[in-house]
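Colleague:
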Amino acid sequence: MAQTPGPLYNRIAVLRTERGLTRHALAAALGINYQTVGYLERGEYNPSLELAFRIAEYVGLPIDAIFSRTPFPPMSTELYGSRREP
Amino acid sequence: MIDPSARFNKLLEAPVSDDIGSRISRRRKVAALFGSYFLICGATAARTLLDSPSGGIIATVLMLAGVGAAAYGFISLMGRTFINAPNLRESVLDERQRQRRNDAIQRSFPVIGMFSALCLLYAMVTDTMVPGWRNATVVEALFWGVFLLCVSLPSAIIAWTEPDQQGLDEA
């Protein structure tokens, strides 16, 4: 029986903003429509494995740094950890 | 000199416009296209059933409105945008667009199948059960309906369901 795929979280929006790219520029680099970039960023479309690899190659990161089955923690938490005193 | 077939292929491979308009405007075009069917059917019925000068005027007005709405719907939906994906080459669409196109075609099949079954039922009933009931106008209307659905329903589904991009893709 086919399993319903769960949500796939990604960091495409953050990575794109970090690199100062517009959706049009990223779409042109990946060979997709710019609206598809929007769909990917909003999590409304899950990319094929081939496109996921193309994105990973373009941003120079491993696939699991961009896509995850669980929500990504905020960048600030990842960078500085929890600084709250006990 | 450029080979005509190469030129034609180049034309088919030309980039697709991103301008698909707002959802409201797309839905208006779909409504015009399918509304035109009922206007043209109404015009044909008026011409057949109303045997008076006013019937002729009503039929003409309905026919003009129907043809106008059909032209507006066809021209605006069947342009070189993603909305017309079912009639575009695979290579000009990206993977999400191809997925949306396949989904629209798959959703069209049951509707086209049911409408074709209705035509078949009409043919069978007028052939065997009630001979003499077959009306050329009704046959024409049914064929026109099948044609309209086959040619435009997948594109109409994409136009109707594609979300509004305004405000989402400005970054």
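For the record, the sequence lines run as chains A and B. Just so you know, the working numbering puts 72 at position 72 of the first sequence, and the rest follows in order with no gaps. Each position in the second sequence, counted from 1, maps to that position plus 86 in the working numbering. Note that the Cβ used here is the ideal one computed from N, Cα and C, for glycine as well.
Determine, using beta carbons only, whether Asp250(B) comes closer than 8 Å to chain A.
Modeller: The sequence position of residue 250(B) within the second sequence is 164, counting from 1. No, Asp250(B) does not count as interfacial toward chain A.
Colleague: Run the CB neighbour count on Ser122(B), radius 10 Å, all protein chains shown included, and call it buried at 16 or more, exposed below.
Modeller: Taking the first residue of the second sequence as 1, we reach residue 122(B) at position 36. By the neighbour-count rule (16 or more Cβ atoms within 10 Å), Ser122(B) is buried.
Colleague: Which residue or residues does DSSP assign as beta-bridge partners of Tyr39(A)?
Modeller: The sequence position of residue 39(A) within the first sequence is 39, counting from 1. Residue pairing by DSSP places Tyr39(A) in no beta bridge whatsoever.
Colleague: Which residues mark the beginning and the end of the alpha helix (DSSP H) in which Ile63(A) is found?
Modeller: Taking the first residue of the first sequence as position 1, residue 63(A) is located at position 63. That run of the alpha helix (DSSP H) goes Ile63 to Ile66.
Colleague: Comparing alpha-carbon positions, which option in Ala242(B), Ile161(B), Arg166(B) and Arg112(B) lies nearest Val197(B)?
Modeller: Counting from one through the second sequence, the residue named residue 197(B) turns up at place 111. Nearest of Ala242(B), Ile161(B), Arg166(B) and Arg112(B) to Val197(B), Cα basis: Ala242(B).
Colleague: On the three-pair Cβ rule with 8 Å, is the region 200-219 of chain B touching the region 106-114 of chain B?
Modeller: no
Colleague: Please confirm if Arg182(B) has its CB atom under 8 Å from at least one CB of chain A.
Modeller: Numbered from its first residue, the second sequence carries residue 182(B) at position 96. Chain A contact via Cβ: present.
Colleague: Give a yes or no on whether 8 Å exceeds the smallest Cβ distance from Asp89(B) to chain A.
Modeller: Taking the second sequence and counting its residues from 1, one reaches residue 89(B) at position 3. Cβ-Cβ to chain A under 8 Å: no for Asp89(B).
Colleague: By the criterion of Cβ-Cβ separation under 8 Å, what are the contact partners of Ile32(A) in chain B?
Modeller: Along the first sequence, read from residue 1 onward, the residue named residue 32(A) stands at position 32. Under the 8 Å cutoff, chain B gives Asp180, Glu181 and Arg182.
Colleague: Using DSSP's beta-bridge definition, name the partner residues of Ser103(B).
Modeller: Stepping through the second sequence from its first residue, residue 103(B) is reached at position 17. Answer is Thr167(B).
Colleague: Span of the alpha helix (DSSP H) holding Pro240(B)?
Modeller: The residue labelled residue 240(B) in the question sits at position 154 within the second sequence. First-last of the alpha helix (DSSP H) with Pro240(B): Ala222 to Thr247.
Colleague: Does the CB of Asp104(B) have a neighbour CB from chain A at under 8 Å?
Modeller: By one-based count along the second sequence, residue 104(B) stands at place 18. Chain A contact via Cβ: present.
Colleague: List the residues of chain B that Leu51(A) touches, going by C-beta distances under 8 Å, in chain order.
Modeller: Residue 51(A) sits at position 51 when you count from the first residue of the first sequence. Chain B residues near Leu51(A): Glu181.
Colleague: Should Tyr80(A) go down as buried or exposed, given a rule of 16 or more other Cβ atoms within 10 Å for buried?
Modeller: Along the first sequence, read from residue 1 onward, the residue named residue 80(A) stands at position 80. By the neighbour-count rule (16 or more Cβ atoms within 10 Å), Tyr80(A) is not buried but exposed.
Colleague: Distance check for Asp137(B) and Leu119(B), CA to CA, integer angstroms please.
Modeller: Mapped onto the second sequence, residue 119(B) falls at position 33. Mapped onto the second sequence, residue 137(B) falls at position 51. Cα to Cα, the separation comes out at about 28 Å.
Colleague: Suppose the cutoff is 7 Å on Cβ atoms and the five residues either side in sequence are ignored; what does the same chain contact list for Pro249(B) look like?
Modeller: Counting from one through the second sequence, the residue named residue 249(B) turns up at place 163. Non-local C-beta neighbours of Pro249(B) in its own chain, meaning closer than 7 Å and more than five positions away in sequence, comprise Arg109, ordered along the chain.
Colleague: I'd like the list of long-range same chain contacts for Ser128(B), defined as Cβ closer than 7 Å, with 5 residues on each side in sequence excluded.
Modeller: Here residue 128(B) is taken as the residue at index 42 of the second sequence, counted from 1. Checking the displayed sequence, the identity of residue 128(B) turns out to be Gly instead of Ser. Around Gly128(B): Leu148.
Colleague: So is Tyr9(A) in contact with chain B if we call contact Cβ pairs under 8 Å?
Modeller: Taking the first residue of the first sequence as position 1, residue 9(A) is located at position 9. Judged by the 8 Å Cβ criterion, Tyr9(A) is not in contact with chain B.
Colleague: Going by DSSP in three states, Asn46(A) sits in which element: helix, strand or coil?
Modeller: As a working mapping, residue 46(A) is identified with position 46 in the first sequence. Coil at Asn46(A), not helix or strand.
Colleague: At the 8 Å Cβ level, is Gly150(A) part of the contact set with chain B, yes or no?
Modeller: Here chain A comprises residues numbered 1 to 86, so residue 150(A) is not present and cannot be evaluated.
Colleague: Any contact between the region 31-41 of chain A and the region 180-193 of chain B? By contact I mean 3 or more CB pairs, one from each, below 8 Å.
Modeller: Under the three-pair Cβ rule at 8 Å, the region 31-41 of chain A counts as touching the region 180-193 of chain B.
Colleague: Is there a C-beta anywhere in chain B that falls below 8 Å from the one on Tyr39(A)?
Modeller: Here residue 39(A) is taken as the residue at index 39 of the first sequence, counted from 1. Answer yes: the Cβ-Cβ gap between Tyr39(A) and chain B drops below 8 Å somewhere.
Colleague: Do you know offhand how far Lys96(B)'s Cα is from Val237(B)'s?
Modeller: Here residue 96(B) is taken as the residue at index 10 of the second sequence, counted from 1. Here residue 237(B) is taken as the residue at index 151 of the second sequence, counted from 1. So the two alpha carbons sit approximately 24 Å from each other.
Colleague: If the cut is a Cβ gap below 9 Å, which residues of chain B does Thr36(A) touch?
Modeller: Position 36 of the first sequence, counted from the first residue, corresponds to residue 36(A). Neighbours of Thr36(A) on chain B, chain order: Asp180, Glu181, Arg182 and Gln183.
Colleague: For chain E, check one thing: does any of its Cβ atoms lie closer than 8 Å to the Cβ of Ser48(A)?
Modeller: In summary, chain E is missing from the structure at hand, where the protein chains are A and B.
Colleague: Less than 8 Å separating the beta-carbons of Val102(B) and Trp246(B)?
Modeller: Counting from one through the second sequence, the residue named residue 102(B) turns up at place 16. Counting from one through the second sequence, the residue named residue 246(B) turns up at place 160. No.
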